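Only one structure is covered here, and it is reproduced in the block below.
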Amino acid sequence: MRVGGRALWLLEPADPNELRAAYSAARERGFVPRILGGGANLVIEDGLYRGVVIATDRLKRCFRPLGPVPDFSPHAAGAQVAPAEPSSDPRLIAWCGATMPSLVQTATALGLSGFECLAGVPGHLGGGIAMNAGGRHGEIWNMVELVRVIEPDGTMHDLPRAECTPRYRNGGLGERVVVGAVLRLVPSTPSEVRDRTREYLLEKRRVQPVTEWSAGCVFKNPDPARSNGCSAGKLVELAGLKGRTRGDAIVSPLHGNFILNRGAATATDVLGLIDEVRAEVASRSGVELEVEVKIWRADPA
Ligand SMILES: Cc1cc2nc3c(=O)[nH]c(=O)nc-3n(C[C@H](O)[C@H](O)[C@H](O)COP(=O)(O)OP(=O)(O)OC[C@H]3O[C@@H](n4cnc5c(N)ncnc54)[C@H](O)[C@@H]3O)c2cc1C
Numbered sequence: 129m130r131v132g133g134r135a136l137w138l139l140e141p142a143d144p145n146e147l148r149a150a151y152s153a154a155r156e157r158g159f160v161p162r163i164l165g166g167g168a169n170l171v172i173e174d175g176l177y178r179g180v181v182i183a184t185d186r187l188k189r190c191f192r193p194l195g196p197v198p199d200f201s202p203h204a205a206g207a208q209v210a211p212a213e214p215s216s217d218p219r220l221i222a223w224c225g226a227t228m229p230s231l232v233q234t235a236t237a238l239g240l241s242g243f244e245c246l247a248g249v250p251g252h253l254g255g256g257i258a259m260n261a262g263g264r265h266g267e268i269w270n271m272v273e274l275v276r277v278i279e280p281d282g283t284m285h286d287l288p289r290a291e292c293t294p295r296y297r298n299g300g301l302g303e304r305v306v307v308g309a310v311l312r313l314v315p316s317t318p319s320e321v322r323d324r325t326r327e328y329l330l331e332k333r334r335v336q337p338v339t340e341w342s343a344g345c346v347f348k349n350p351d352p353a354r355s356n357g358c359s360a361g362k363l364v365e366l367a368g369l370k371g372r373t374r375g376d377a378i379v380s381p382l383h384g385n386f387i388l389n390r391g392a393a394t395a396t397d398v399l400g401l402i403d404e405v406r407a408e409v410a411s412r413s414g415v416e417l418e419v420e421v422k423i424w425r426a427d428p429a
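If you want my numbering, it's the 1-based position in the sequence shown plus 128.
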């Protein structure tokens, strides 16, 4: 959203071992680090956070496994994906900072199907797994075969899919840090995957303000039984709130579940508008919307 303040410490590890070292170093000093992926689902409060943020920006690698045992190491042989190279193994290994658009692109070039459902979804693999990113055509966890995580005590290990319980917009990993994942895709052809990706992207662009500054959908869709079948965006629209502003923050006139920064919004504007929309939707429809975006509070001044 391009709003929010600063952190006292920003750590930018460059490989999985550095990520674990950064995490453990912070914990040993009494900090519980916040993990920053692409920031595509975050509203960060204005002010200073006197803690540690670990950014996954430099952990971008994605490669094909060379054997049955996943090798996440930075020195894995043949580590970079060679898109033109044919292979019968439809899996990819990616570190948490690989961007979802780059994974969509890589899978398309390799003729591997699965990532089309994430066409137009910004952010990193780790954030996508933590949030269970997806939409009407599927979710990221449909592709996860195994996820490598760091536990709160600093140990790093692999969790097979069968031991995980992802839910709607929640990967179910709690406090764990996602280091990377083995992703199982479905063999297809580049042209088929490209056509589907394009179709989903066009569909998304028609209904969502994807090129504007936002944090994606602000609210989770409520249980249809409670909301008369209405999505969160529809409830906001029915409450007449599309186009409502606070400072330079505005409820998207295109999609009621997006709040946009028109250029100079502050986190205070955005958070105030979220509260206002929630309260008005509740009073008009009786539905209490649950916030989907993650809010990082600053420390009191
Ligand atoms: C224009 C737009 C369109 C969007 N469309 C969709 C959509 O269609 N479907 C959808 O699901 N989402 C959508 N989103 C939201 C966003 O893209 C997803 O939630 C995405 O998964 C966020 O990833 P990120 O890396 O940016 O996470 P961040 O915003 O950086 O972080 C989100 C949460 O994940 C945690 N996290 C990040 N990395 C890790 C890690 N390595 N380990 C553990 N926790 C971690 C953070 O601490 C935070 O709690 C959209 C956003 C925008 C701006």
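Even glycine gets a Cβ: it sits at the ideal position worked out from N, Cα and C.
If you're wondering where the values come from, they're calculated on a predicted model, not measured in any experiment.
Using CA atoms only, rank isn't needed, just tell me which of the options is closest to residue i.
i                 : options                           : result
threonine 325     : Pro229, Glu420, Arg134 and Val181 : Pro229
cysteine 345      : Asn145, Val171 and Ala149         : Val171
isoleucine 163    : Thr293, Leu187, Met129 and Arg264 : Leu187
histidine 383     : Ala142, Lys332, Val398 and Ala183 : Lys332
alanine 142       : Trp424, Ala226 and Pro250         : Ala226
phenylalanine 159 : Ser319, Leu139 and His285         : Leu139
valine 197        : Phe386, Gln233 and Arg219         : Arg219
proline 193       : Leu301, Val415, Ile221 and Ile257 : Ile221
arginine 437      : Glu416, Arg412, Thr396 and Leu417 : Residue 437 is absent from the model: the chain starts at 129 and stops at 429.
glycine 195       : Gly175, Ser216, Arg189 and Arg178 : Ser216
arginine 157      : Arg178, Pro144, Leu301 and Lys422 : Arg178
What do you reckon, is the C-beta of residue i under 7 angstroms from a heavy atom of ligand 1?
i              : result
valine 306     : yes
cysteine 292   : no
histidine 252  : yes
glutamine 336  : yes
glycine 195    : no
isoleucine 387 : no
threonine 184  : yes
valine 405     : no
asparagine 145 : no
arginine 189   : no
valine 169     : Looking at the sequence shown, residue 169 is not valine but asparagine. Under cutoff, so the answer is yes.
alanine 393    : no
glycine 357    : no
arginine 425   : no
Would you list the one or two residues that DSSP bridges to residue i?
i              : result
arginine 295   : Asn298
aspartate 286  : Arg276
glutamate 267  : Gly262
glycine 308    : Trp223 and Arg276
isoleucine 378 : Thr373 and Leu388
Cβ contact (3+ pairs, closer than 8 angstroms) linking the region 334–352 and the region 267–275: Result no; under three Cβ-Cβ pairs closer than 8 angstroms.
Contact the region 363–375 vs the region 398–418: 3+ CB pairs below 8 angstroms: Touching, per the Cβ criterion.
Any 3 or more C-beta pairs closer than 8 angstroms across the region 145–162 and the region 175–193: Yes, since at least three Cβ pairs between the region 145–162 and the region 175–193 fall closer than 8 angstroms, the two stretches touch.
The region 303–312 touching the region 273–291, judged by at least three CB pairs closer than 8 angstroms: When Cβ pairs closer than 8 angstroms are counted between the two stretches, the region 303–312 is seen to touch the region 273–291, the count reaching three or more.
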